[in-house]
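Numbering (my numbering), first residue to last: 34 to 174. Each remark here refers to the structure printed beneath this line.
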Amino acid sequence: MKTAVFTGTFDPFTEGHLDVARRAAKIFDKLYVVVFVNSDKTPMFSVGERMEKIRQMTKDIDNVEVSSYNKYVVEFCAEFGVDYIVRGIRTEGDYVYESEMAAYNFSHGGYETVYFAAPDKLKEISSTKERQKIAKCDTKD
Numbered sequence: 034m035k036t037a038v039f040t041g042t043f044d045p046f047t048e049g050h051l052d053v054a055r056r057a058a059k060i061f062d063k064l065y066v067v068v069f070v071n072s073d074k075t076p077m078f079s080v081g082e083r084m085e086k087i088r089q090m091t092k093d094i095d096n097v098e099v100s101s102y103n104k105y106v107v108e109f110c111a112e113f114g115v116d117y118i119v120r121g122i123r124t125e126g127d128y129v130y131e132s133e134m135a136a137y138n139f140s141h142g143g144y145e146t147v148y149f150a151a152p153d154k155l156k157e158i159s160s161t162k163e164r165q166k167i168a169k170c171d172t173k174d
C-alpha cells in the first residue's frame, strides 16, 4: 500500500489545497492531510477549526485521513509508515523552496516528494489572500 502525507498550516484550507488533495488521493492508497503546528506563525483559525474545515472539504474522498502534528514531516512519515510527501507548486519561488525541503526530507529518511503543479485557474489562490478576504469581511458593519 502506497501512502502519502500532504502537510501545511492550512490557515485556511483553500480550493488550491483541495485540488492537490484530490489529485494525490487518486494516486495513493492513503493520503494523510496534516495540519502542522508551526510556533513561528500566528494562525487565524485554531488547529481544531482547520481540521474540521479540511474534513468538510474532503468528506467525499474516501482515502483521506485528517490529523495534526507538531514535529518534522520526516518524523510523521516514520511514525505513520508514510512513503511519499505531497506538495503543491504555484510559482517558481514555491518550487525553489519545496526543492530545498525535498532534499532535506530525502536525506533524513529517504522520503520522496511528489509535486502537483497548480492549474492556471488556481494559481492565484493562497491562504494569505483568503485570510485577507475574511478579515475584510469581519471589519464591515
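Think of the CB as a built atom: it goes at the ideal place given N, C-alpha and C, for glycine as much as any other residue.
Using a Cβ distance threshold of 8 Å, Val70 and Val80 count as a contacting pair. One thing to note: Val107 has its Cβ within 8 Å of the Cβ of Gly142. Annotation for Asn138: Val106, Val107, Ile118, Tyr144, Thr146 place their beta carbon closer than 7 Å to its own, counting only its chain and skipping 5 residues before and after. In the structure shown, the three-state DSSP call for Val115 is coil. The residues Phe61, Asp62, Lys63, Leu64, Tyr65, Phe113, Gly114, Val115, Asp116, Tyr117, in chain order, have a CB closer than 8 Å to that of Thr36 in the same chain once the five nearest residues on each side in sequence are set aside. If you check the CB distance, Ile94 and Arg56 do not come in under 8 Å. When DSSP states are grouped into helix, strand and coil, Ala37 belongs to the strand group. If you check the CB distance, Asp52 and Pro76 do not come in under 8 Å.
Here the alpha carbons of Arg88 and Asp73 stand approximately 25 Å from one another. Ala136 counts as exposed, since fewer than 16 other beta carbons sit within 10 angstroms of its beta carbon. In the structure shown, the three-state DSSP call for Arg83 is helix. From the listed residues Lys104, Glu82, Ala151, the smallest Cα separation to Arg123 is found for Ala151. Just measuring C-alpha positions, the residue of Gly121, Glu131, Ala111 sitting nearest Asp153 is Gly121.
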